[in-house]
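A short write-up of the structure that comes next.
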Amino acid sequence: MIRLELRNVSRTYHLDEQRIPALSEVSLVAEAGTVTVLVGRSGCGKSTLLNLAGAMDFPDSGDVLIDGQSTTGLNERQLTELRRNRIGFVFQSFQLLPTMTALENVELPLLLARKPNTEKIARERLRWVGLEGRERSLPHQLSGGQMQRVAVARALVQQPDILIADEPTGNLDTASGGDVLQLLQRAARELGATLLMATHSAEAAAIADVRVYMRDGSVESIQRNL
Amino acid sequence: MSVLFRTLILRPLRNDLLRSLLTLLAVALGVAVVIAIDLAGDAAAGSFQSSLTTVVGKVDLEITATGGVDERWIGKLAALPIIVRFAPGMQAEVKIEGVGFVTVYGIDLLGAEQARGCGASPALVTKGISARLANRFFINGYPFCKAKTIESGEANFAVIDIADFQQALGRFGKLDRIDVFVEPGEGFENVQRQVTAALPAGYRIARPGARSDENQKMLRSFRWNLRILSYISLVVGAFLIYNTISISVVRRRAEIGILRALGATRQAVLSLFLLEASMFGLAGAALGLLIGRVLAVTMVGLISQTVHALYTSSTPAPIHLGLLDITLAFAAGLATALLSAWGPAREATRVVPMEAMGRGSREVRVRLRLWKNLAIAAVLAVAAWAASLPGPVDGRPIFGYLSTVLSIAAAAMSAPALVAGVNGLLRAPLLKLFGVEGLLASRGLSASLGRTSVMVAALATAIAMTSSVGIMVGSFRETLLLWLDGQLRADLYIRSAEPSSAGEFPPIPTAVIPRLRSVPGIADLDIFTAFEFHYQGQRATLGAGDLDVQRRHARLRFLSGDHDAILRSLSHHDRAIVSEPFSEKHHVHPGDSIAVDLGEHRVALTVAGIYYDYSNEQGYVIIDRTTLLKYLPDQPPTNIAVYLKQGVDKDAVRREIEERTRQFPISVAPNQTLRQAAVEIFDRTFAVTWALEGVAIFVAMLGAANCLLALVLDRRREFGMLRYLGAATSQIRRLILVEAGLIGFFALLLGAALGLVLSRLLIFVINKQSFGWTIQFHLPVAALGGAMLLIWAVTVLAGLYPARVAARLKPIEVIHEE
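Going down the list, the sequences are from chains D and C. Number 155 in the working numbering belongs to position 130 of the first sequence; there are no gaps in the numbering. Number 692 in the working numbering belongs to position 658 of the second sequence; there are no gaps in the numbering.
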């Protein structure tokens, strides 16, 4: 089942008078429960594509569809609902709130969405990422790998349909990176999330069902391991 | 250095223009208030010089006496072997048809102007009233004609001959003063010596300027306290500069680290940030001067009214912005800026390259310093208590002010602990009350403890000053009302219709007394005479009344001793009671003897008791009327209190009195009117105070907005991330508003506690030492609660713009900008 689709998407940024084309006529399809990895050099448009897919940005032309519905026509409230309930994000630099415990960080999306039983769900998710017993730890008391696992737990706490990860192993050593990749792959397989991940790392690319090679804002080639 | 300054200081300030402008405006307002109070105070106190100088020339010496100078002394003094001219002087506020009340001077006109043949007594009138005055006019039915129009700037008055003055106003035998003109060639000291030797002991000879000096001295405490209040905004502004420079340093740690690694000296880094502060100080001072000049125009009216009502008559002088004021403005702006920036600038010099990338390490240090700061706060609090104990220095509560400053410093040092502690306690309730926004706000403030605490301290200072002044004014008002209850027990009060300011006691014609006695329904009359007198070189008021009537009807409250026994002991004796301010000012106690000039006599009065009085700061000495008449037999009354028989219609008696005394220029007022007038004067007196408090609160609000804006900009990555996690823009907005509310709440807590301490200092130390009044402590709970709620609401409002900025941040830009 096609969960996420990008149809001829283009995006250009404007910096003062300068036009900076970030994506040009990109089309892409990601099915439920699969891992799609974007590979390419810095500045090739990976992050732009992730933002469009996550409904954090909108294309100048083309369309982004989630379960066949375009994100372009959604209003602010609908977009917020979409992000809350259907999309999870994992960042390279973890982006945990330093004054909140691991548990609170994971709880945060549930609290923002005013969901009930937040603590119970967050605890379960932390257990799922293997951090049982570290609930009360503050981010600076955790290792890089643990921090990223908290970030993954946070991204998955709402059981999103789409999981977007931007260089999730970029700040980690190989072992920790491997653990995080395993978690992300499990998220796709066990929870049915569509994982869209940008990476430089060969290890990360290795877990992909679909590898999308990008260059200068365009898709150079697509390789399927399905 | 200039390149560094441009890139490291100027450019960021330009990029963060709104915050820079807010800081600048805060400094400018602080300086403006200081300048405005100084300029307005100078203008209100500046013009005590007699307008008559333009007509009679410069007077060299002035002879005065309590109760007036016997006019026969002109002849006696003229016989002295000195080359001088003695001229009589009298003055009164007189109602002239078509013009209203005008100051009329009675002088020896023949010496100055020749009478014109206009068929009536000649009068010289100033240009301002000449146009409104018919050629022939009347003063109390006595005809005058305009003999000449004179130029006298903005002053308006009329000058008539002394004999005509006495005829028209029925004041015979006594002069207000004798002016002495020393002729060229005659020795000034010789004149003063010979005249003093010839005059009776109770007479006083002084330079006319001495009165101006006395006025300035008299206003000293009043102006000092206003001046101190005017510095509150500057203190609040100082917190703001501290915050701005702190933020500068925190934000530029990386750059400072790199500069240090490249060889920049600590001195260079220090200079950079002190330069930044100086810029705010100097630019703020320049802008403050302009605003201050404009504010002064409004304030001079308010201050003049107070001076007129409570101290002495004065004509406001034009506002003059001199070199001294300009220097004061720049000195105040620069000193505030440099002192407040010194701490953060020094911190910048301690940045080491290794640490440079560690944003927020300052916050960690603030957290680590919590206990140390608390200990310092405790030491400062003890020092504040110790400073509240000594008495005044040269009549000024210097240690009281020091205690105030130390208390503020103690509160500021305890702010981080308070914020951290209360914030910790509030976490669960906040989550319950405001949901996730409450939790995030609480954590956000914890994360920026350093600057949050500074802002809380600034806001708390403004709140504390406002609430303490509020408590002081409220207590004073309550005390005044209680005092008025005991003091104003008569049903009707009679005084001259002539308008007068404090220290002026226009007489009531003696012929009024028998007419009053003939009015049916009157139980008792308290005939009171008041006049200004000098005691130990300072002015005070001497009053003489029928103390037996007082004893039976009124309720004077004494500091100690039995009311009835004290009052009974005064009749026919050289005994007096003195008001509390008089006792404080001159260190006079019951049983002491004070030498008071009564006419030609110097009388030694034994102090029988000290009574509470809130009518004037200079103080009262009260004797029984029998004692007064012994030394000044012809003294007319200045006030008459009328006590009615029970069940008599007050309005009917009032109408009857007015009817029977129609030809006399007197006014009859019921008790309620006097009470109302006293309260109105009181409220007007504190109008300037409230204006100053308002500015301080406004500056603190600017600070709150500034601080929140900085927090928003520094935490933009966090807000961006929250949006990625599903936060709605409304949630981000609410989060900032909750933070604003929390800052306001912390500030209210600290401000209320500090306010209570400061109010006690104001009431029992500063006010007591400045003015000598005992004020009963009274907590105006409702008014204070309302004001606090308002301040809290405005703090939340100050968060609106930063909240808007936070909500408008573009998540993908702020998340990826690192």
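Positions of the beta carbon are idealized from the N, C-alpha and C atoms, including for glycine.
First through last residue of the beta strand (DSSP E) which encompasses residue i
i, result
"C/I644", "H635 to Y645"
"C/P32", "Lying outside 35 to 852, the shown extent of chain C, residue 32 of chain C is not represented and no answer is given."
"C/P177", "Y176 to I184"
"C/I141", "G134 to I141"
"C/Q572", "Q572 to G579"
"D/L167", "Per DSSP, D/L167 belongs to no beta strand (DSSP E) and is neither H nor E."
Reference residue i, options the options, closest by Cα
i, options, result
"C/G833", "C/L321, C/E105, C/L143 and C/A734", "C/A734"
"C/L47", "C/I770, C/G595 and C/S282", "C/S282"
"C/G709", "C/R511, C/L783, C/Q652 and C/E773", "Rather than Gly, the amino acid found at residue 709 of chain C in this sequence is Arg. When each option's Cα is compared against that of C/R709, the closest is C/R511."
"C/H606", "C/L114, C/D717, C/T660 and C/T563", "C/T660"
"C/N49", "C/Q803, C/N801 and C/L747", "C/L747"
"C/L344", "C/N277, C/A78 and C/D685", "C/A78"
"C/V854", "C/L479, C/S501 and C/A446", "For residue 854 of chain C there is no data in the structure shown, the boundaries of chain C being 35 and 852."
"C/L63", "C/A382, C/G271, C/L459 and C/M124", "C/G271"
"C/G175", "C/I212, C/V128, C/G318 and C/A317", "C/V128"
"C/V37", "C/A302, C/S701 and C/R529", "C/A302"
"C/P352", "C/A366, C/V331 and C/I337", "C/V331"
"C/L648", "C/V612, C/D658 and C/A642", "With the sequence shown as reference, residue 648 of chain C is identified as Tyr, and Leu is not the correct amino acid for it. Checking every option, the nearest Cα to that of C/Y648 belongs to C/V612."
"D/G170", "D/E160, D/D191 and D/G195", "D/G195"
"C/R838", "C/L784, C/V641, C/L742 and C/F798", "C/L742"
"C/S374", "C/Q570, C/D560 and C/T278", "C/T278"
Contacting residues, own chain, Cβ-Cβ under 7 Å from residue i (five flanking each side not counted)
i, result
"C/L56", "L736, A739 and N740"
"C/F805", "S255, P615 and E651"
"C/Q853", "This structure gives no information on residue 853 of chain C, because the portion of chain C shown stretches from 35 to 852."
"D/A230", "V62, V64, T224 and R236"
"C/R749", "G478"
Residue range of the alpha helix (DSSP H) that includes residue i
i, result
"C/V722", "A721 to D748"
"D/N76", "K71 to A78"
"C/A837", "L834 to R842"
"C/Y665", "R659 to Y665"
"D/L209", "T199 to L216"
"C/D685", "K684 to R694"
"D/Q43", "Counting along the chain, D/Q43 falls outside any alpha helix (DSSP H), though it belongs to the beta strand (DSSP E) covering Q43 to E56."
"C/I196", "I196 to L203"
"C/M489", "L483 to Q521"
"C/H620", "E614 to H620"
"D/L104", "E101 to R111"
Helix, strand or coil at residue i according to DSSP, with G and I counted as helix
i, result
"D/V182", "coil"
"D/Q248", "strand"
"C/K208", "strand"
"C/K679", "coil"
"C/K129", "strand"
"D/F116", "coil"
"D/K140", "coil"
"C/K466", "helix"
"C/G819", "helix"
"C/Y345", "coil"
"C/F811", "coil"
"C/D668", "coil"
"C/G394", "Its pLDDT being 44, under 50, C/G394 is placed unreliably by the model, and the measurement read from it follows with that caveat. Of the three classes helix, strand and coil, the one that applies to C/G394 here is coil, per DSSP."
"C/A302", "helix"
Own chain partners of residue i with C-beta closer than 6 Å, once the 5 adjacent residues on each side are dropped
i, result
"C/I442", "T495"
"C/L558", "Note that residue 558 of chain C is Asp in the sequence shown here, rather than Leu. Hits under 6 Å: V583 and Y677."
"C/A192", "V136, V138, A157 and V159"
"D/A213", "G58, V60 and L220"
"C/R393", "Confidence at C/R393 is low in this model, with a pLDDT of 43, below 50, so its placement is unreliable and the value that follows should be read with caution. Counting only Cβ-Cβ distances below 6 Å, and skipping sequence neighbours, we find nothing."
Neighbourhood of residue i by C-beta, 8 Å cutoff - its chain only, sequence neighbours within 5 removed
i, result
"C/M391", "Legend: pLDDT at C/M391 = 44, less than 50; position of this residue unreliable, no value from coordinates given."
Spell out a yes or no on whether the region 493-509 of chain C and the region 673-680 of chain C are touching, meaning 3 or more CB-CB pairs, one atom from each, closer than 8 Å. no
Answer yes if the region 153-162 of chain C comes into contact with the region 171-181 of chain C, meaning at least three C-beta pairs across the two stretches below 8 Å, and no otherwise. yes
When you compare the region 475-494 of chain C with the region 521-536 of chain C, are there three or more beta-carbon pairs, one atom per stretch, that lie closer than 8 Å? no
Is there contact between the region 123-139 of chain D and the region 166-178 of chain D, where contact requires at least three CB pairs shorter than 8 Å? yes
Do the region 757-773 of chain C and the region 568-585 of chain C meet, that is, are 3 or more Cβ pairs less than 8 Å apart? no
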